Structures are given as structure tokens and as C-alpha cells.
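Have a look at the structure below before the remarks.
Number of protein chains: 2
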Amino acid sequence: MRRNMRITWKFLQKFSLERTRSLLMSTRPIHVLDDNVVKMSTISPPPECLFKPMNFPHKVLMGPGPSNCPPRVLGANALPLLGHLHPEFTLIMDEVKAGIKYIFQTNNEWTVCVSGSGHAAMETACLNLLEPGDTALVGINGLWGERFADMVDRQGIDVKKLQRPMGEVFTHDEIEEALKKHKPALLFLTHGESSGSTLQPLEGVGTLCHKYNCLLLVDSVAACGGVPMFMDKWGIDCLYTGAQKVLSSPPGASPISFSERAKEKIKKRATRVRSFNFDMNHLANYWGCDGEARRYHHTGPISNIYAIREGLARLAEQGLEESWKMHKQCAELLHEGLEKIGLELLVKNKSIRNPCVTAVKVPDGVDWKAVTEYAMKTYRVEIAGGLGALAGKIWRIGVMGYNCTPDNIRLVLRALEEGLKMTGYSKL
Amino acid sequence: MRRNMRITWKFLQKFSLERTRSLLMSTRPIHVLDDNVVKMSTISPPPECLFKPMNFPHKVLMGPGPSNCPPRVLGANALPLLGHLHPEFTLIMDEVKAGIKYIFQTNNEWTVCVSGSGHAAMETACLNLLEPGDTALVGINGLWGERFADMVDRQGIDVKKLQRPMGEVFTHDEIEEALKKHKPALLFLTHGESSGSTLQPLEGVGTLCHKYNCLLLVDSVAACGGVPMFMDKWGIDCLYTGAQKVLSSPPGASPISFSERAKEKIKKRATRVRSFNFDMNHLANYWGCDGEARRYHHTGPISNIYAIREGLARLAEQGLEESWKMHKQCAELLHEGLEKIGLELLVKNKSIRNPCVTAVKVPDGVDWKAVTEYAMKTYRVEIAGGLGALAGKIWRIGVMGYNCTPDNIRLVLRALEEGLKMTGYSKL
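So the sequences go chain by chain: A and U. Each step along the first sequence adds one to the number in this note's numbering, with nothing skipped, and position 406 is 494. Each step along the second sequence adds one to the number in this note's numbering, with nothing skipped, and position 423 is 511.
Structure (C-alpha cells):
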């Protein structure tokens with residue numbers, strides 16, 4: 089049996105140049121058999137695809153995220169690992185916390201990174217802030233409200249929906265009416281809605297929520313850092329964002345912060361948080377937020393923490409005021425350019441446009457996908473399509489962080505204009 | 089007010105060399121005020137700590153994990169981002185799947201990476217495979233069984249514990265007895281227990297479980313790739329491992345696989361999986377395991393997937409047989425060396441020693457921490473202490489993946505021997 093296998097093995101090698109090359113380059117003997125370990129004949133062979141190197145083009149990511157990372161962030165991602173509780177690493181965690189407090193404009197003690205994407209931060213908020221018996225009021229004007237409502241529903245917790253079509257935002261009046269009616273423990277709102285490209289006005293909403301004994305939870309994944317955000321002044325009780333948007337860092341670590349009011353609700357829970365990974369009592373300790381010695385909770389995503397630290401440092405050096413201004417200016421440049429080539433923005437009201445993500449209508453009769461494919465093929469520029477009810481009806485262009493430059497705006501406009509011409513669009 | 093702020097700002101700069109340097113190097117004007125955006129006076133300043141570069145030593149990580157990453161893995165981690173649904177990226181995901189199937193020796197369709205550390209994979213198994221009404225039987229002979237029992241308890245699901253002190257493993261007889269008694273839906277066992285440094289024999293346990301209509305879930309975070317593992321042949325229904333052990337990749341993406349039997353239990357659930365992030369129905373689709381077009385679920389940790397792909401490629405090139413042999417040989421070299429300097433291993437029975445992590449007793453009267461501090465200070469070598477009941481009583485030495493070389497064994501032995509001498513240990 090083993091002899092047969094040897095023959096098959098050699099036979100396979102003959103027909104696989106990559107495999108042979110890799111074996112020739114290795115310093116070990118080709119056939120290592122050790123009866124004490126295991127008979128070779130019992131092992132399925134390694135997959136051929138892993139013997140070729142990864143090989144893909146560099147792209148300009150102008151969709152709703154991820155955005156490109158600057159070289160300093162990619163460089164940080166390649167630093168050698170430290171232990172997840174080594175003092176050099178916990179110092180970096182402290183710097184990340186300071187950076188998050190800056191971009192959130194908060195002094196909250198419970199300020200950490202969740203190990204995961206924005207969805208993981210969203211679920212952390214859901215699992216910690218709600219428990220059976222609570223009611224959650226969820227503002228749904230795009231994908232993110234829907235996602236949050238789904239997460240709450242999975243916990244068997246009552247969800248009340250406040251709905252608006254994508255491209256619109258909620259007024260204080262309708263929020264207050266819903267707070268009165270449903271008496272929720274929590275209100276969820278999306279700050280920068282990347283599916284409808286709106287920016288929800290938040291000033292005053294915190295005060296409103298607290299008047300009705302409700303916590304305010306805000307998703308600012310596709311906005312924070314690119315637009316004004318004042319967590320403490322605006323009375324936001326829980327806020328999170330993502331690494332791969334304005335912070336221009338790889339996805340996998342997501343900033344989140346909890347107010348004293350939110351922390352108190354978590355501390356007074358009658359039931360355990362239904363996740364070990366996302367339990368803020370543990371995470372707050374691991375991130376050095378509770379004054380106690382850090383205990384091993386889980387192995388944090390060390391490289392992602394290095395990288396987000398550099399993303400935060402980049403933003404700190406630029407300064408929030410300058411970043412907000414750059415995002416505003418680039419968005420305006422983009423909007424003017426889009427209108428110049430005859431396109432119409434989804435959001436009419438300029439004051440509720442999210443500068444980080446712009447939705448623009450696909451003209452009647454134009455094959456939206458042919459245009460994005462042209463942009464990708466010709467310029468390696470990513471332009472995204474719409475989601476849900478707007479699939480096929482809009483394009484979405486992200487202008488965030490490191491990608492927020494007039495050069496990139498010109499590139500995306502050129503790609504879009506040429507792509508439209510290519511499809512025979514007549515209004516040009 | 090704004091004028092006052094300006095003065096404070098300049099005053100601060102005067103006393104911060106780093107800040108001043110960084111501002112001088114930037115191309116933007118130092119004071120950018122735009123009343124349309126926000127008044128500068130309302131913004132808390134950026135944290136000084138982010139204006140200094142990260143600066144830490146390279147360490148040899150010979151604890152129970154993370155281990156060091158080879159340059160090719162760190163290089164992959166620094167590759168530019170792709171979109172999480174770009175064809176170039178889903179190809180890489182497919183290669184990762186093929187690599188996981190190889191190291192697990194499985195043909196399971198539902199084979200993916202969970203976005204998170206080994207704990208996230210553990211929770212994914214818990215949340216998908218169990219639902220209210222089920223009983224879980226948890227083998228506890230160290231930290232990992234305890235963690236899993238905690239996760240199950242958080243779901244309000246009945247936990248039965250099968251217990252052994254750290255350093256011991258479970259026999260087939262006691263497993264069968266417990267299966268008969270508790271009629272569990274799931275048995276959890278730890279393959280490589282990093283807290284007690286044991287290796288649980290698994291052959292035959294799957295058959296035993298299936299006889300009692302029970303699924304077998306195995307944690308092989310601190311073993312897989314370094315010791316024989318045959319998921320399909322051994323009848324394991326769910327298996328997971330971590331990136332930062334034998335795969336020598338940064339933590340943040342963890343391989344997991346589900347048998348047809350496990351998949352069927354998930355498909356027949358009466359209740360929804362209590363997590364959006366960890367719902368295998370979504371993850372299987374995102375990882376292209378269900379034959380349908382991939383839908384957007386969450387933004388995968390793109391860089392971590394590049395890196396684990398390289399970690400898997402490295403192991404595929406080495407070959408499992410060779411890797412298992414190397415881990416065995418290096419462990420034996422370490423064990424001989426430890427005995428030569430008069431130390432005693434925690435696990436007496438050679439056949440149940442986990443070659444990836446070795447627990448060695450701290451001699452009476454020796455300050456364990458002084459020795460590990462000496463090793464770190466003098467050689468930048470990490471040697472870990474014990475956990476739980478064994479805290480202060482053992483050292484733990486990890487020999488995994490890229491770090492599994494005779495050179496590293498010699499280094500760790502030298503550091504340990506010198507550290508012991510330094511504390512005045514007399515038996516040497």
C-alpha cells in the first residue's frame with residue numbers, strides 16, 4: 089500500500105511543475121517516512137494551489153470600504169509579533185485607546201477595540217447593552233439598521249423599527265414620538281449610512297433619549313474621523329467605528345466606547361452577556377480600563393492593533409479639523425464633478441450628505457455593472473453598486489482617510505465618465 | 089474663547105518636541121480653521137503618545153502562543169488590501185480553505201476561517217452546534233474546557249463536566265460512561281491542552297460519540313499541524329485551530345470545519361444562531377461553501393487571510409509528515425535538555441505529551457518569575473508561567489511552526505539554565 093502511494097506521489101510530481109520546483113528548492117529529503125509518526129499512505133496530499141505565490145494587482149479602493157492603507161500602516165502590519173500581554177504591547181493598546189478617545193472626542197473609561205470588523209463591534213453593543221425583557225428601537229434607513237435589528241431579534245429581544253427609505257434621515261420629532269410610544273431601553277442610529285449615503289444629524293438626540301431613560305447607540309463605521317463627532321457632548325452612550333474606512337487600516341479591530349450610563353446598565357444586568365468574546369466586562373479589563381491587572385481573555389489581533397495604531401497616529405497628525413475639512417472639500421469636488429457629467433446624487437439635501445460615501449443615480453438605460461467593470465479593468469479603481477432596494481439603481485463612491493485626495497477624485501470621475509461614454513450614454 | 093485656545097495650543101507645542109517636529113514635517117498649514125466645519129476651540133487635542141513611533145524589540149516567542157511569524161507571512165500581512173468580495177480575494181479564500189482541509193485532513197464542505205482568535209472559533213462552535221434544550225458534555229483538564237463550559241453556560245444550556253487535573257487526559261471508558269449517563273448532544277475535548285501540556289488521544293472517540301448520537305467537537309488550537317490529525321478518519325464533527333500557533337501567522341483568523349453530521353444539526357435548529365457574526369449559515373456562504381453566489385456578510389480580516397494563506401502554504405511545502413516529525417524531534421530534544429538540567433516534566437507518560445507545548449515543574453524554592461524575566465531580559469526569549477492551579481508551579485515552553493528548530497530549543501535551554509543558576513538553584 090505504501091509502495092503504491094509512493095508511485096502515485098512521484099507520478100503526481102511529474103505533472104506538477106510548481107510542486108517539483110518547490111520540492112527541489114526545499115532542503116529536506118523529498119520522502120520522509122517515519123513509522124513512529126504516521127504512515128505516509130494515509131495522508132491526503134497538500135493542495136497544489138498553495139505552491140503558487142499570491143499575485144494580484146494594486147487597486148484604488150473607492151467603494152464604501154475597505155479603503156487603501158498608507159505604506160506606514162501596511163508597514164506596521166508587518167512588524168514582528170509581541171505577546172498579547174507583553175508590556176510593550178499593552179503600551180500600544182493604551183496608545184490606541186488614547187487615539188480612539190481623540191477621534192470619538194470622549195473621556196469614557198470603557199474605550200477599547202473589539203477584535204473583529206464593524207459587525208463585531210455592532211454585536212458587542214447589542215449583546216452588552218440589551219437583555220431579555222428590554223425593547224430596542226432601531227432606526228432603519230439602510231442596511232445597518234436592518235443588521236442591528238437582526239442581531240437583536242436573534243437574542244429574542246423585542247425590536248421596534250423606525251423606518252425611512254435609504255437616502256433619508258430621521259427627524260428629532262419622529263424620534264421623540266417613537267421614544268414616547270415604545271419606551272425602549274436603547275435607540276440605534278446609523279451616523280454615516282453607507283448604503284444610502286446619508287449623515288444622520290445627532291446633536292440633541294442624546295438629550296432626547298436620556299429624557300425617556302433610553303441609551304443612544306450610534307454606528308459611525310462609515311463616517312467617524314471624516315465628519316465632526318463629539319461623543320460626550322452629543323450624549324452618545326455607545327459609539328463604534330471600523331478600521332478600514334477613515335482610519336485606513338486593515339479590517340479586524342474596531343474601536344468602541346461606552347458612556348458611564350451605558351457601563352452602569354451593563355454592570356446591573358440580571359443575565360450574563362451571551363458571548364464570552366464580546367463580554368465588555370472582560371474586554372474592559374484586557375484593555376486596562378478597570379484599574380485592575382490585565383487578565384488573559386483572548387489573544388488580541390496583534391498586527392491589526394499595530395496597524396490601527398498607525399492609522400490613528402496618521403489621523404492625529406493630520407488633526408481632526410483638517411481631516412473633516414479635507415473630507416468635506418473632496419466630497420464637494422466629487423459632487424460637482426458628478427453633476428458636470430450629468431449625473432444626479434441620491435441625496436438632494438446637502439446638509440445630510442455623508443461626505444465619506446456618495447450615492448449617485450445610474451441613468452436610465454445604463455448598465456451600471458459595465459461601467460464599474462470598465463473602471464476596474466482600465467484604472468483598477470473600485471466603484472461600488474447599490475444594496476437592497478437600490479441595487480442596480482445607484483453607484484457608491486467612497487472617499488475616506490488616505491484615499492481622500494483631489495487626485496483620487498479626478499481619477500474616479502475620469503473612470504466613471506469614460507465608462508459611461510463606453511456604454512453609449514447619450515447625455516454627455 | 090477660540091483665541092485662548094490658540095494660545096494654549098501653541099503653548100503645548102512649545103513643550104512637545106515630537107508634536108512640533110511632526111507639524112513641521114507636514115505640508116499643511118498648522119492652523120486650519122473653518123467655521124463651516126467646527127470651531128477649533130471645541131476639540132480636545134490629539135494625544136501626544138501617537139506622535140512617537142512604535143519601538144519595541146524583536147522577541148523569540150517560546151511561550152504557548154503567539155509564536156513568531158516567518159518573514160513571508162509578515163510580508164503577506166503587508167500586501168495592499170483588496171475588497172472582501174473581489175475575485176482575487178475570494179480565490180485566496182479558496183486557497184485558504186484547501187489548506188485547512190489539508191491540515192485537518194478533511195473533505196468537509198463547511199470549512200472556513202472565523203474572523204477572530206481561537207476563542208472566536210470556540211464560540212462559533214458553541215453557538216451553532218448547541219441550542220436551548222441540549223446538554224453539552226465538556227471534558228475539562230485545563231483552561232480550554234473551562235472556557236467552553238463558560239460559553240455554553242452563557243447560553244443557558246445545560247453543561248455536564250467530565251473533569252481531570254491538568255496534565256492528565258480522558259480514557260475511552262470514562263468518556264463512554266459519561267455519554268451513557270448524560271446523553272449529551274455534544275462532547276467537547278481539547279486535543280492539545282496548552283495549560284497542562286497534554287495531548288488527548290482521539291482515535292475511536294468519534295465512533296463512541298456517534299454510537300450515543302452525540303457530536304464530537306475538538307479544540308486543536310495548540311496542536312494541529314504539529315501532531316497527527318485526521319478529522320474525517322477520526323470522526324470529528326467540528327474542529328478548529330488558531331493562526332498564531334503551528335501556522336505561525338498573526339492571530340485574527342481561525343480555521344474551523346464542520347462534518348455533514350454537524351452541518352445537519354445546524355440546518356435543523358429550531359432556534360436562530362444567537363450571533364450574526366458567528367452564524368455558520370452566513371459564513372459558509374461567504375466562504376463559498378454552499379454552491380451559491382457569495383453574499384456580503386461582514387468584512388473579513390483581509391490581511392489576516394493573506395497571512396494565514398502564507399502560513400498554510402509554508403506548512404504545505406514542508407508537508408504534514410515532516411512537520412509532525414520536526415515537532416516530535418524538537419520536543420524530545422527539549423525534554424532531554426530539561427531533564428539534563430535537573431528539571432521534571434509535568435506529564436510523565438510520554439505518549440500523552442503535547443509536543444507543541446511543554447510544561448516543566450518549577451523546583452521548590454525557585455522564583456519562577458525571576459527566571460522568565462532573566463530569559464526575556466538577556467535573550468529576549470519568552471518562557472511562560474502556569475495558569476490556574478498550576479500558576480507559579482510550572483513553566484510552559486511552546487515549540488511551534490516556524491519556531492520549531494533545534495536552534496530555538498538550545499536557546500531556550502540556555503536561557504532557562506542560566507536563569508536557574510542566577511536564582512541560586514543548587515541541583516545544577
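Glycine included, C-beta positions come from ideal geometry on N, C-alpha and C. Small disclaimer: the values here were computed from a predicted structure and weren't measured.
Determine, for A/S391, whether the minimum Cβ-Cβ distance to residues of chain U falls below 8 Å. yes
CB of A/E211 within 8 Å of CB of A/F366, strictly: yes
Within 10 angstroms of the Cβ of A/S514, are there 16 or more other Cβ atoms? Answer buried if so, exposed if not. exposed
With burial defined as no fewer than 16 other Cβ atoms inside 10 Å of the residue's Cβ, what is the status of U/N496: buried or exposed? buried
Run through the DSSP bridge pairs and tell me what U/T199 is partnered with. U/S345
Tell me the DSSP bridge mates of U/Y328? U/D307 and U/I344
If we define contact as Cβ-Cβ less than 8 Å, is U/G204 a contact residue for chain A? yes
For a contact meaning CB atoms closer than 9 Å, what does U/P154 contact in chain A? L169, L170, G171, H172, T387 and I390
N-terminal and C-terminal residue of the beta strand (DSSP E) that U/I485 is part of: I482 to G486
Where do the N-terminal and C-terminal ends of the beta strand (DSSP E) with A/G294 fall, by residue? That residue, A/G294, is in no beta strand (DSSP E); its alpha helix (DSSP H) goes V293 to K299.
Which runs of the alpha helix (DSSP H) spanning at least 4 residues fall entirely within the stretch 133-220 of chain U, listed in chain order? 159-165, 175-192 and 206-217
Pair every Cβ in the stretch 235-243 of chain U with every Cβ in the stretch 355-372 of chain A, then say whether three or more of these pairs are closer than 8 Å. yes
Touching or not, the stretch 168-182 of chain A and the stretch 167-183 of chain U, by the rule of three or more beta carbon pairs under 8 Å? no
Would A/Q288 pass as an interface residue toward chain U - the criterion being a Cβ-Cβ separation below 8 Å? no
Backbone CA spacing between U/A266 and U/L434 [nearest angstrom]: 26 Å
Measure from the C-beta of U/F364 to each C-beta in chain A and report whether the shortest distance is under 8 Å. yes
Please confirm whether A/D320 and A/L305 have their CB atoms less than 8 Å apart. no
Excluding five sequence neighbours on each side, which residues of the same chain lie with their C-beta closer than 7 Å to the C-beta of A/T511? V454, D455, A458 and V459
Using a Cβ cut-off of 8 Å (strictly closer), state whether A/K449 contacts chain U. no
For the putative contact between A/W322 and A/G280, defined by C-beta atoms under 8 Å, what is the C-beta separation to the nearest angstrom? Between A/G280 and A/W322 the Cβ distance is about 14 Å, and since that is not below 8 Å, they are no contact.
Please classify A/P494: is it buried, with 16 or more other beta-carbons within 10 angstroms of its beta-carbon, or exposed? exposed
Using beta carbons (cut-off 8 Å, strictly below), is U/L162 in contact with chain A? yes
Would A/L149 and A/N143 qualify as a contact pair, given that the criterion is a beta-carbon distance under 8 Å? no
Is U/V334 close to chain A, meaning its C-beta is less than 8 Å from at least one C-beta of that chain? no
Reference U/V184; option with closest CA among U/R484, U/I440, U/W375 and U/A419: U/W375
Following the continuous beta strand (DSSP E) through U/A224, name the residue where it begins and the one where it ends. T223 to I228
So which residues of chain U does A/K147 contact, with C-beta pairs closer than 7 Å? L170
Could you list the residues in the stretch 221-240 of chain U with a C-beta less than 8 Å from some C-beta on chain A, going in chain order? R235, D238 and M239
What are the residues of the stretch 325-352 of chain U that lie near chain A, defined by any Cβ-Cβ distance shorter than 7 Å? Q332, P338, P339 and G340
Euclidean distance between Cα positions of U/P154 and U/G330: 9 Å
Taking only three categories from DSSP, how would you classify A/M510? helix
Run through chain A and tell me which residues come within less than 9 Å of U/Q193, C-beta to C-beta. T130, I131 and S132
Along chain A, in chain order, which residues have C-beta atoms closer than 7 Å to that of U/G489? What U/G489 touches in chain A: nothing, since even the nearest Cβ is about 12 Å away.
Can you give me the C-alpha to C-alpha distance between A/N373 and U/K249, rounded to a whole angstrom? 28 Å
Name, in chain order, the residues that DSSP records as bridge partners for A/K249. A/V226
Just to make sure I have the definition right: I need the residues of chain U whose C-beta is within less than 9 Å of the C-beta of A/F139. Which are they? A401, A404 and E405
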